[in-house]
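One structure is given below, encoded as structure tokens.
See the structure below:
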């Protein structure tokens with residue numbers, strides 16, 4: 001009997017460390033399992049708030065679920081609002097807050113409300129806009145689908161608006177800068193004009209000829225054929241009368257000075273054109289189109305140093 005008791009005691013002593021280790025493992029597993037879910041809930045709910053209540057760690061499952069549901073509902077509402085803002089007005093810029101996006105969205109909607117105002121486009125039926133009544137298969141009299149024609153109308157409205165604005169600006173500019181020309185003659189019925197060409201200047205007086213088609217032209221108290229010998233110069237002087245079909249219809253008296261015969265003939269031509277405009281302003285468009293009303297700005301090019309003339313060069317040998 002004593003031997004049996006001693007053997008049992010030795011066996012118990014030998015098995016005690018193993019049993020203690022097993023009990024420790026079981027206790028640790030149960031403790032970790034009991035605390036893992038509350039601790040995870042506590043950490044997830046208190047990630048944004050460092051001063052959260054520690055009682056949440058050991059709160060019941062029902063309480064934690066209700067709190068998480070309310071939080072998730074509020075988060076989902078805010079997320080849905082943000083998603084609506086992002087869908088309506090997507091902005092890829094970094095650092096743009098939701099408030100700024102809402103502000104831009106409100107401005108965008110206000111612009112659309114002003115753009116599609118009934119006072120601007122007229123009252124439109126909700127089911128019919130720019131000629132489209134919702135029927136995709138409908139076509140116009142020309143065979144164009146109504147939906148396509150509505151899109152064209154929508155685009156053409158802005159184009160028509162731009163064209164009208166441009167026409168209004170042009171009309172305002174023309175009305176502002178419109179010059180009223182009147183007939184100007186002296187007590188003897190003569191019209192006066194001054195002409196210039198190169199270094200020549202001419203003073204010209206014209207009046208209707210006493211005998212039709214028998215008008216005379218005097219330059220410095222000489223007849224035209226005596227003063228200008230070349231046909232080119234004579235044609236230059238008669239060109240204004242040829243443009244308005246009035247050859248021989250006026251007596252012309254002019255004085256010219258400066259320059260040569262080419263410059264003087266050009267000056268007389270310019271003076272005659274201006275005198276005809278003063279006598280009858282309705283003759284101006286035809287002469288303006290022919291370029292007779294514009295003073296020729298071309299002048300003699302100056303001589304260059306090291307050269308005999310403006311463009312001429314001295315003969316030289318390269319090598």
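Residue numbers (full-length UniProt numbering): 1 to 319.
Glycine included, C-beta positions come from ideal geometry on N, C-alpha and C.
Note that the coordinates shown come from a computational prediction; the quantities given were computed from them, not determined experimentally.
- Query: Going by Cα to Cα distance, which pick from 297, 242, 289 and 169 is closest to residue 195?
  - Reply: Locating residue 195 in the chain shown gives position 195, counting from the first residue. Checked all of 297, 242, 289 and 169; the closest Cα to residue 195 is 297.
- Task: Please list, in chain order, all residues of the same chain as residue 227 whose beta carbon is under 7 Å from its beta carbon, the five residues on each side excluded.
- Result: Locating residue 227 in the chain shown gives position 227, counting from the first residue. Here the set comprises 219 and 220.
- Please go through the same chain and pick out, in chain order, the residues whose beta-carbon is closer than 8 Å to the beta-carbon of residue 100, but skip the five residues on each side of it. The residue given as residue 100 occupies position 100 in the chain shown. Residues of the same chain with their beta carbon placed closer than 8 Å to that of residue 100 are lacking, with the five preceding and five following residues left out of the count.
- May I ask you to report which of helix, strand or coil DSSP gives residue 272? By one-based count along the chain shown, residue 272 stands at place 272. In the structure shown, residue 272 sits in a helix (DSSP, three-state: H, G or I).
- Pair within 8 Å by beta-carbon distance, residue 230 and residue 270: Reading the chain shown from its first residue, position 230 is the one you call residue 230. Reading the chain shown from its first residue, position 270 is the one you call residue 270. No, Cβ-Cβ distance for residue 230 and residue 270 is not below 8 Å.
- Going by C-alpha distance, which of 205, 183, 198 and 199 is nearest residue 192? Taking the chain shown and counting its residues from 1, the one referred to as residue 192 is at position 192. Ranking 205, 183, 198 and 199 by Cα distance to residue 192 puts 205 first.
- Query: Residue range of the alpha helix (DSSP H) that residue 288 falls in?
  - Reply: As a first step, residue 288 is located in the chain shown; it is residue number 288 there, counting from the start. Taken as a continuous stretch (DSSP letters only), the alpha helix (DSSP H) holding residue 288 covers 284 to 290.
- Query: For residue 257, which option in 250, 267 and 248 has the closest C-alpha, if you only look at C-alpha atoms?
  - Reply: Your numbering for residue 257 matches position 257 in the chain shown. Ranking 250, 267 and 248 by Cα distance to residue 257 puts 267 first.
- Just tell me which of 306, 153, 102 and 283 has its CA closest to the CA of residue 293. As a working mapping, residue 293 is identified with position 293 in the chain shown. Nearest C-alpha to residue 293: 283.
- Reference residue 261; option with closest CA among 237, 274 and 243: To locate residue 261, count along the chain shown from 1; it is residue 261. Looking from the CA of residue 261, the closest CA among 237, 274 and 243 belongs to 237.
- Between the segment 160 to 179 and the segment 232 to 251, are three or more C-beta pairs nearer than 8 Å? The segment 160 to 179 vs the segment 232 to 251: no contact.
- By how many angstroms is the C-alpha of residue 223 removed from the C-alpha of residue 212? One-based indexing of the chain shown puts residue 212 at position 212. One-based indexing of the chain shown puts residue 223 at position 223. One C-alpha to the other measures close to 18 Å.
- Task: Measure the C-alpha to C-alpha separation of residue 171 and residue 291 and round it to an integer number of angstroms.
- Result: One-based indexing of the chain shown puts residue 171 at position 171. One-based indexing of the chain shown puts residue 291 at position 291. Using only the alpha carbons, I get a separation of about 25 Å.
- When you compare each of 250, 202, 279 and 207 to residue 265 by their alpha carbons, which one comes out closest? Walking along the chain shown from the start, residue 265 turns up at place 265. Closest by alpha carbon: 202.
- Item | Alpha-carbon to alpha-carbon, residue 285 and residue 163 | Counting from 1 along the chain shown, the entry for residue 163 is found at position 163. Counting from 1 along the chain shown, the entry for residue 285 is found at position 285. When the Cα atoms are used, residue 163 and residue 285 turn out to be separated by approximately 27 Å.
- Message: Measuring only the C-alpha atoms, how far is residue 289 from residue 312?
- Response: To locate residue 289, count along the chain shown from 1; it is residue 289. To locate residue 312, count along the chain shown from 1; it is residue 312. Using only the alpha carbons, I get a separation of about 36 Å.
- Query: What whole-angstrom Cβ distance do residue 208 and residue 250 have, given they're in contact under 8 Å?
  - Reply: For the purposes of this step, residue 208 is taken as residue 208 along the chain shown, with counting starting at 1. For the purposes of this step, residue 250 is taken as residue 250 along the chain shown, with counting starting at 1. The distance from the Cβ of residue 208 to that of residue 250 is about 6 Å, consistent with a contact at the 8 Å cut-off.
- Where the alpha helix (DSSP H) containing residue 305 begins and where it ends: To locate residue 305, count along the chain shown from 1; it is residue 305. Per DSSP, residue 305 belongs to no alpha helix (DSSP H) and is neither H nor E.
- Per DSSP, what kind of secondary structure is residue 279 in: helix, strand or coil? The residue you call residue 279 lines up with position 279 of the chain shown. DSSP places residue 279 within a helical segment (H, G or I) once states are collapsed to three.
- Item | residue 196 - partner residues in DSSP beta bridges | Reading the chain shown from its first residue, position 196 is the one you call residue 196. Residue 196 pairs with 201.
- Message: Please report the distance separating the alpha-carbon of residue 316 from that of residue 299.
- Response: In the chain shown, the residue the question calls residue 316 occupies position 316. In the chain shown, the residue the question calls residue 299 occupies position 299. The straight-line gap from Cα to Cα measures roughly 29 Å.
- Measure how close the beta-carbons of residue 199 and residue 259 come, nearest whole angstrom, since I'm counting them as under 8 Å. Stepping through the chain shown from its first residue, residue 199 is reached at position 199. Stepping through the chain shown from its first residue, residue 259 is reached at position 259. Right, the Cβ-Cβ distance comes to about 4 Å (below 8 Å), so this counts as a contact.
- Task: Count the other CB atoms, across all protein chains shown, that sit within 10 Å of the CB of residue 98; report buried if there are 16 or more and exposed otherwise.
- Result: To locate residue 98, count along the chain shown from 1; it is residue 98. By the beta-carbon neighbour count (other beta carbons within 10 angstroms, threshold 16), residue 98 is exposed.
- Task: Can you tell me the Cβ-Cβ gap for residue 273 and residue 308, rounded? I've got them flagged as a contact below 8 Å.
- Result: Stepping through the chain shown from its first residue, residue 273 is reached at position 273. Stepping through the chain shown from its first residue, residue 308 is reached at position 308. Going by Cβ atoms, the distance from residue 273 to residue 308 rounds to 37 Å, so no, they are not a contact pair.
- Message: Please report the straight-line C-alpha distance between residue 152 and residue 169, rounded to a whole angstrom.
- Response: Residue mapping note: residue 152 aligns to position 152 of the chain shown, counting from 1. Residue mapping note: residue 169 aligns to position 169 of the chain shown, counting from 1. Between residue 152 and residue 169, the alpha-carbon positions lie close to 26 Å from each other.
- Between residue 233 and residue 225, what straight-line distance do the alpha-carbon atoms span, to the nearest angstrom? To locate residue 233, count along the chain shown from 1; it is residue 233. To locate residue 225, count along the chain shown from 1; it is residue 225. Going by the C-alpha atoms only, they are around 10 Å apart.
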